[in-house]
Amino acid sequence: MPETSTTVFSDIPALADRVQKAWNAVNRDEKAFPDIAFDALGRLDPPAFRLDDVSRFLLTTHTPQPAAPRVFSDMPVNVHRGDGFYVELLIWVDGTTAIHQHSFSGAFRVVHGSSLHSVYRFEEARRINSRTRMGRVACAGMQYLRKGDRRRITSGPGGLAHALFHLERPSATLVIRTDNDPDAGPQFSLHPPGLAVDPRTPDRLDEPLKRWVRVLETLGDPVEMDDPLVDRLFSLDYGRFARFALTYPDFAARLDARTPWERALGAPGAGARRLAERFGAVPADALVRAIIEEQRCEWLRRTRAGIADPGLRFFLALLLNGRSRGQVFTALRDRDASVDPATECRDALVALAEAADDPANGDLLERCPWLDELRGVMKPLGAHAGKAAALLMTAGFTGRDRRENGDPVGRAASALAGLAPLQALRDD
C-alpha cells in the first residue's frame, strides 16, 4: 500500500495550538473547554485511519505515553501534550467502557469505525462516603455514532455520564481533554440499578486479594471459598466490598453458592443475609442488584469478544446498554432507518443460537454459558425458532398465557424472556 503524505496525526499540532490560544483567552476556565475542544474537532478533516501510521508515530514521537494503571482503551496514544490539556487517540478492539462520569472536560470524535453511545444520569439518594453513593442509574438514551461524529465531555456529577460500545475492530476516537478539573470530584463508575463507585481509589487492603483472584481466573482455576477468605471479604467496608464484587461479579456471586444471588432478592441466601447484617438491608439489596447486573453485562462482553460480525456486535451492544425494548428499537432505527427493528432482533437471536450450535465455537460456549441456554431453547424448535424470537418482541406477549395454553413456541418465548442477557427485549 503506498504511503500517504498526511496521517491522522498531521494536523494535530495546529489543532492543539488553536485550542491552547482559545483556552488561554478565557483564563483557562475548565467549563469553557468542552466547547473549545468540540469546535476544534469539528475543524479537523483527518485522512483515512491506518494502524501503520500509529506504529510510525510511536516509533518517532517524544511525547510521553500512558502507563498502567492509567491505560484507557485497548491502546491509548498520547498525540500532543499541551499546557493543562492533551490530545489522545484511543484505539479499541474489544474494549468496552464502563458507565462512567468524568473528572476532566473536553470532547471526542470518532475517526474510525462506529460506536453505540449510551448516555446515563445518576440521581443520588444516599451518601455512603465520598467515593461510594447510592441512588438510581437511568439510561437517558442510546445513539449510534458514525465516523466524524463528535460529543462534548462535561465533568462532575452533573456532567456527561456515558458508556461506549465499539463495533468495528478496530475503532478509534480522538479526544481533547483537560488534565483534571479540580472541582469535578471523584470520577464515579455507575452500576445499575443504583450504585456509584469510584473505582480508582488506591487501596492497599484489598489489592492483594484482587491480584490473587485475577491470577486464578486467568488460569481457569476455581477460587476456594474457604472461611478465612469469605471472612476477609465481609470484613471490608461497604465501598471496598462493592469495588471488589463489581470487579469480579462471578466470584462475588459464589459467596451465595447455596442459593444464587437472583434468588436472594426473593428469599435471601446466606451471602445476602450476611450482607444485610453487615451493612443494612437497603445497602445490601442495592449491592446484590448491582452484582447481578454486572454479571449479566460481563456475560455479554465475553460474547462480544467472540463475535466479529458488526451487526451482531451492535445487537449485543443494545442488549448490554438497553433498558427497554423501545430504546433498543429506537437505536436500531437510528443506525438504519430502513430496517424493521423487531425483525432485526429476531434474526440476531437466531444467528446467536446458530453460532452457539456451531462446534467451531466451542470456546465461545465455554466463556458464555448463557448462549448454551439460548441454544437449548431455540434448537428443538427448528424452523420455528424465529417465531419464538419474534414472539418475545410482541407488545402483547405474556409468557404465562402461552405456557397455560401448551404452545411450545410460546413456552420457548417465555424461556427467552427469562434469560437475563435478553432483559432489554422484554415489554417496556
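In this text, residue positions in the sequence shown follow my numbering: the first is 224, and each later residue adds one.
Quick reminder that beta carbons are idealized off the backbone N, C-alpha and C, glycines included.
In this text, all values refer to a predicted model and were calculated from it rather than measured experimentally.
Do we get a CB-CB distance below 9 Å when we pair residue i with the residues of chain B?
i, result
"phenylalanine 537", "Among the protein chains of the structure shown there is no chain B, as only one such chain exists."
Decide if residue i is buried, meaning its Cβ has at least 16 other Cβ atoms within 10 Å, or exposed.
i, result
"proline 405", "exposed"
"glycine 633", "buried"
"proline 533", "exposed"
"histidine 389", "buried"
"proline 644", "buried"
"aspartate 421", "buried"
"tryptophan 435", "exposed"
"leucine 397", "buried"
"arginine 455", "exposed"
"alanine 611", "buried"
"arginine 350", "exposed"
"asparagine 628", "Low confidence applies here, because asparagine 628 scores a pLDDT of 49, under 50, leaving its location unreliable; read the following figure in that light. By the neighbour-count rule (16 or more Cβ atoms within 10 Å), asparagine 628 is not buried but exposed."
"arginine 558", "buried"
"glycine 605", "exposed"
"glycine 494", "buried"
"leucine 387", "buried"
"arginine 481", "Residue confidence is low: arginine 481 scores 44 on pLDDT, short of 50, so the model does not pin down where it sits. No coordinate-derived value is stated."
"threonine 319", "buried"
"leucine 274", "exposed"
To the nearest angstrom, how far is the alpha carbon of residue i from that of residue j?
i, j, result
"glutamine 243", "arginine 251", "9 Å"
"glutamate 485", "alanine 384", "With a pLDDT of only 42 at glutamate 485, under 50, the local geometry of the prediction cannot be trusted, and the value read off the model is given with reservation. Glutamate 485 and alanine 384: Cα-Cα distance of roughly 27 Å."
"aspartate 508", "leucine 642", "21 Å"
"leucine 313", "methionine 365", "21 Å"
"arginine 392", "tryptophan 315", "7 Å"
"proline 483", "threonine 566", "Note that proline 483 scores 41 on pLDDT, short of 50, meaning its location in the model is unreliable and no value can be drawn from it."
"alanine 487", "aspartate 586", "For alanine 487, the pLDDT reaches just 40, beneath the cut-off of 50, and the residue's location in the model is therefore unreliable, leaving the point undetermined."
"aspartate 268", "threonine 286", "22 Å"
"proline 631", "valine 505", "40 Å"
"lysine 433", "phenylalanine 467", "7 Å"
"leucine 639", "glycine 599", "10 Å"
"leucine 663", "valine 551", "With the chain covering only 224 through 651, there is no way to say anything about residue 663."
"alanine 348", "alanine 635", "39 Å"
"valine 360", "glutamine 518", "17 Å"
"methionine 601", "leucine 555", "23 Å"
"phenylalanine 256", "proline 380", "17 Å"
"cysteine 362", "histidine 335", "25 Å"
"valine 562", "alanine 245", "43 Å"
"phenylalanine 331", "arginine 496", "44 Å"
"phenylalanine 474", "arginine 437", "10 Å"
"glycine 609", "valine 573", "6 Å"
Could you pull the start and end residues of the alpha helix (DSSP H) that residue i belongs to?
i, result
"leucine 648", "Element bounds for leucine 648: n/a, residue is neither H nor E."
"arginine 463", "461-470"
"alanine 565", "564-580"
"methionine 601", "592-601"
"serine 412", "Serine 412 -> not in any alpha helix (DSSP H); beta strand (DSSP E) instead, spanning 412-414."
"isoleucine 235", "235-248"
"leucine 267", "Per DSSP, leucine 267 belongs to no alpha helix (DSSP H) and is neither H nor E."
"arginine 546", "That residue, arginine 546, is in no alpha helix (DSSP H); it is neither H nor E in DSSP."
"valine 632", "631-640"
"aspartate 418", "According to the sequence as given, residue 418 is leucine; it is not aspartate. That residue, leucine 418, is in no alpha helix (DSSP H); its beta strand (DSSP E) goes 418-420."
"serine 278", "274-283"
"lysine 610", "608-615"
"phenylalanine 502", "493-502"
Hey, would you say residue i sits closer than 9 Å to residue j, going by beta carbons?
i, j, result
"histidine 340", "tyrosine 367", "yes"
"proline 416", "glutamate 346", "no"
"alanine 419", "leucine 413", "yes"
"arginine 400", "glutamine 410", "no"
"glycine 265", "arginine 373", "yes"
"leucine 238", "alanine 263", "yes"
"glycine 382", "histidine 303", "no"
"leucine 648", "leucine 615", "yes"
"threonine 230", "phenylalanine 280", "yes"
"phenylalanine 308", "alanine 248", "no"
"tryptophan 522", "cysteine 568", "no"
"arginine 536", "arginine 546", "no"
"phenylalanine 538", "alanine 560", "no"
"tyrosine 471", "threonine 355", "no"
"valine 300", "glutamine 288", "yes"
"phenylalanine 327", "serine 378", "yes"
"valine 333", "lysine 370", "yes"
For residue i, report the span of its beta strand (DSSP E) as first-last.
i, result
"alanine 330", "329-335"
"valine 300", "298-304"
"arginine 374", "373-376"
So if DSSP puts residue i in a beta bridge, which residue, or which two residues, is it bridged to?
i, result
"alanine 520", "The identity of residue 520 in the sequence shown is cysteine, whereas the question assumes alanine. Paired residue(s): none; cysteine 520 is not in a bridge."
"isoleucine 399", "Val310, Ala330"
"leucine 339", "Tyr367, Phe388"
"serine 394", "Trp315"
"isoleucine 259", "None; isoleucine 259 has no bridge partner."
"methionine 357", "Arg349, Leu418"
"arginine 344", "Ala361"
"histidine 323", "His385, Ser412"
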